[in-house]
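Going by the working numbering, the sequence shown opens with residue 1, and the numbers climb by one from there.
Reviewing the structure listed below.
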Amino acid sequence: MTYNINNKGYYGEFGGAYIPEMLYPNVEELRQNYLKVMAEPEFQEEFHALLKDYVGRPSPLYFAKRLSAKYNTKIYLKREDLNHTGAHKINNTIGQILMAKRLGKNRIIAETGAGQHGVATATVCALMGLECIVYMGEIDIARQAPNVARMKMLGATVVPALSGSRTLKDATNEAIRDWINNPVDTHYIIGSVVGPHPYPDMVARFQAIVSEEIQWQLQEKEGTSKPDYVVACVGGGSNAAGAFYHFLDDTDVKLIAVEAAGKGVHSGESAATSILGKEGIIHGSKTLLMQTPDGQITEPYSISAGLDYPGVGPMHAHLYKSGRAEFVAITDDDAMTAGLELCKMEGIIPAIESSHALAVFEHKKFKPEDIVVVSLSGRGDKDLETYIQHFGL
Numbered sequence: 001m002t003y004n005i006n007n008k009g010y011y012g013e014f015g016g017a018y019i020p021e022m023l024y025p026n027v028e029e030l031r032q033n034y035l036k037v038m039a040e041p042e043f044q045e046e047f048h049a050l051l052k053d054y055v056g057r058p059s060p061l062y063f064a065k066r067l068s069a070k071y072n073t074k075i076y077l078k079r080e081d082l083n084h085t086g087a088h089k090i091n092n093t094i095g096q097i098l099m100a101k102r103l104g105k106n107r108i109i110a111e112t113g114a115g116q117h118g119v120a121t122a123t124v125c126a127l128m129g130l131e132c133i134v135y136m137g138e139i140d141i142a143r144q145a146p147n148v149a150r151m152k153m154l155g156a157t158v159v160p161a162l163s164g165s166r167t168l169k170d171a172t173n174e175a176i177r178d179w180i181n182n183p184v185d186t187h188y189i190i191g192s193v194v195g196p197h198p199y200p201d202m203v204a205r206f207q208a209i210v211s212e213e214i215q216w217q218l219q220e221k222e223g224t225s226k227p228d229y230v231v232a233c234v235g236g237g238s239n240a241a242g243a244f245y246h247f248l249d250d251t252d253v254k255l256i257a258v259e260a261a262g263k264g265v266h267s268g269e270s271a272a273t274s275i276l277g278k279e280g281i282i283h284g285s286k287t288l289l290m291q292t293p294d295g296q297i298t299e300p301y302s303i304s305a306g307l308d309y310p311g312v313g314p315m316h317a318h319l320y321k322s323g324r325a326e327f328v329a330i331t332d333d334d335a336m337t338a339g340l341e342l343c344k345m346e347g348i349i350p351a352i353e354s355s356h357a358l359a360v361f362e363h364k365k366f367k368p369e370d371i372v373v374v375s376l377s378g379r380g381d382k383d384l385e386t387y388i389q390h391f392g393l
């Protein structure tokens, strides 16, 4: 059994392209070209040069000594927080902006929740001199003000989504609407492993640089290219897809996906899609999503703006359903405590998204000889206000 995508754009029974007819030409153009373009030596050369000189890759694989001593296991942090713009999102936007240019697109649209993907998209548009429009829920605009300011400084137009819950799902709806209206000159840079095929696969491939580096970095440090566990938080799931990618079919490596339980899995304020979700269609693909008995999408909730998505990427739906990955749901309180612990024990302030992954050590026992790699997907600058309020700092 393979955990990768098949040639029809499905991971097991999840994926596909469920799109309005008006979007078909855009998505089809991308599907027919993305693998061909990515395989071109000039594309690879430009992509890797920018990752190295602009993003600052490789990101370090850091042995967290004090954390490891506390939990009596070997904990390595993959420091995606040290990338330019402060998160893993830039890996994908660099790839997609190069793709857009090769396809002759000169206008870029994106959706964003926490703002990190919006900043990463605005950054690469500034780098390449392309017009950038970012859709963002009105509520997220309010709670992620520093990132909104960054996007504007980088020359992007930030458009508030005023419908529904006014968060990520609604921003995505607005972006899709824009794309339908501007099919010829516009490329939609989706920020996660969601959306119609080929997006989940394309984004995963751009993010796969993370697990590619983990392999050789671990070989240097531990004499093996295989960790016992890879742990990553999952909203839509691009950072987890990148951290898992090169280990998907290697069942010696256990995968742990950490979701946001919010105020408790069954509190009615949660984003634990794997537990609460049922099969359905969202934003162009078949996956697991939180919905009412009559199929209306339920509003997700998380203290972390990047994890409150009502669905999960089709790769992760398949990893969950097949049992290949273990899914753990972490509450707001546990995530915040784990984030503060990393600050105090290792001098690293993590994004609240990443703090969910770190909270796994309080919920699961690892062996002293286990090598556990945690994807530290982003840094906590954007979340200082939330940390301050939560802890009364």
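Note that the Cβ used here is the ideal one computed from N, Cα and C, for glycine as well.
None of the values given here were measured: they were computed from a predicted structure.
Count the C-beta pairs between the region 263 to 271 and the region 358 to 370 that are closer than 8 Å, then say yes if the count reaches three, no if not. no
Any chance you could list the beta strand (DSSP E) runs of at least 3 consecutive residues sitting entirely within the region 263 to 294, in chain order? 278 to 282 and 285 to 289
Report the rounded CA-to-CA distance for Glu45 versus Leu288, giving the unit in angstroms. 36 Å
Taking buried to mean at least 16 other C-beta atoms within 10 Å of its own C-beta, is Asp383 buried or exposed? buried
What distance in whole Å lies between the Cβ atoms of Pro293 and Tyr11, which are believed to be in contact at a cut-off of 8 Å? Incorrect: roughly 26 Å between the Cβ atoms, too far for contact.
Using the Cβ count rule (16 or more neighbours within 10 Å means buried), how would you classify Ile282? buried
Could you check what DSSP says for Arg143 in three-state terms: helix, strand or coil? helix
Can you check DSSP and say which residues form a bridge with Leu255? Val230 and Ala325
Mapping the DSSP letters down to three states, classify Val312 as helix, strand or coil. coil
With DSSP run on the structure shown, which of helix, strand or coil describes Gly104? coil
In whole angstroms, what is the alpha-carbon distance linking Glu279 and Tyr309? 15 Å
Would you list the one or two residues that DSSP bridges to Leu61? Lys78
What are the partner residues of His187, as DSSP defines its beta bridges? Ile108
Lys105 classed as buried or exposed, judged by whether at least 16 other C-beta atoms fall within 10 angstroms: buried
Report the partner residues of Val159 according to the DSSP bridge assignment. Tyr135
Measuring CA to CA, which of Leu98, Leu77, His316 and Ile109 is closest to Lys221? Leu77
Check whether the Cβ atoms of Ile133 and Thr157 sit closer than 8 Å, and answer yes or no. yes
Can you tell me whether Leu67 is buried or exposed, with buried defined as 16 or more other CB within 10 angstroms of its CB? buried
Just checking, does the region 141 to 151 make contact with the region 225 to 232 on the three C-beta pairs under 8 Å criterion? no
In terms of DSSP beta bridges, what is Ala260 paired with? Ile330
By the DSSP assignment, the beta strand (DSSP E) with Val360 in it spans what residues? Where Val360 is concerned, there is no enclosing beta strand (DSSP E), given that its DSSP letter is neither H nor E.
Would you kindly report the start and end of the unbroken beta strand (DSSP E) that includes Tyr248? Checking the sequence, you will find Leu at residue 248 rather than Tyr. It is not in any beta strand (DSSP E) - Leu248 carries neither H nor E in the DSSP assignment.
Along the chain, where does the alpha helix (DSSP H) containing Val372 start, and where does it finish? Element bounds for Val372: not the alpha helix (DSSP H) but the beta strand (DSSP E), Ile371 to Leu376.
Closer than 8 Å is the cut-off here; do at least three beta carbon pairs connect the region 179 to 186 with the region 83 to 90? no
Apply the 10 Å Cβ neighbour rule to Phe361 and answer buried if 16 or more other Cβ atoms are within range, or exposed otherwise. buried
Straight-line gap, Val55 to Thr93 (C-alpha atoms, nearest Å): 11 Å
Where do the N-terminal and C-terminal ends of the alpha helix (DSSP H) with Thr407 fall, by residue? For residue 407 there is no data in the structure shown, the boundaries of the chain being 1 and 393.
Distance between Asp201 and Leu30 (C-alpha atoms, nearest Å): 12 Å
Out of curiosity, what's the CA-to-CA distance linking Gly311 and Pro198? 17 Å
Check whether the Cβ atoms of Ser354 and Met336 sit closer than 8 Å, and answer yes or no. no
Given this structure, state the Cα-to-Cα distance separating Val159 from Val124, to the nearest angstrom. 18 Å
Based on DSSP bridge pairs, tell me the residues matched to Ile297. Gln291
Please return the same chain residues whose Cβ sits closer than 6 Å to the Cβ of Ala359, not counting the five positions on each side in sequence. Ile330, Asp334, Ala335 and Ala338
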